[in-house]
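Down below is the structure, laid out as structure tokens.
See below:
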């Protein structure tokens, strides 16, 4: 069993469909039923289509977007890993959450209004992070 759960389908990171918006209108109910599964497995799908590694493309694009938001003081909401301090009811663990990035770096974590299913998924993911931290402490 790995010490740190890898990204992707095995991680079980929740996808907050109710937070998705287009022109300020919620998209959650319009997503195809397999959207969550396809999102989790997207990296493997890209690898299969390209036949070469895509491991650099998405991280590089994400870093460039974050640098742009900070450098140009864009006050942009982006998904980032942040140490939580009672956001989402969690304290002292790092989780991927939406944050506002500006010239001062991370201004704050944006707390989404999660539905019951999303809350359960988020708590499950937080529990896995805590379990991984506990395993590391045993080393």
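Numbering (the numbering used here), first residue to last: 11 to 149. Even glycine gets a Cβ: it sits at the ideal position worked out from N, Cα and C. Note that the structure is a prediction, hence the values are computed from the model and not measured.
Check: Best match in 86, 75, 138 and 66 for proximity to residue 120 [C-alpha to C-alpha]; Outcome: 86
Check: Residues bridged to residue 92 (per DSSP); Outcome: 105
Check: Distance, residue 60 Cα to residue 117 Cα; Outcome: 37 Å
Check: Distance, residue 138 Cα to residue 145 Cα; Outcome: 11 Å
Check: Cut-off 7 Å between Cβ atoms - residues of its own chain near residue 95, not counting five sequence neighbours on either side; Outcome: 101
Check: Cβ neighbours of residue 76 in the same chain (closer than 8 Å, five flanking residues each side left out); Outcome: 88, 90 and 111
Check: Member of 73, 51, 113 and 103 whose CA lies at the smallest distance from the CA of residue 132; Outcome: 103
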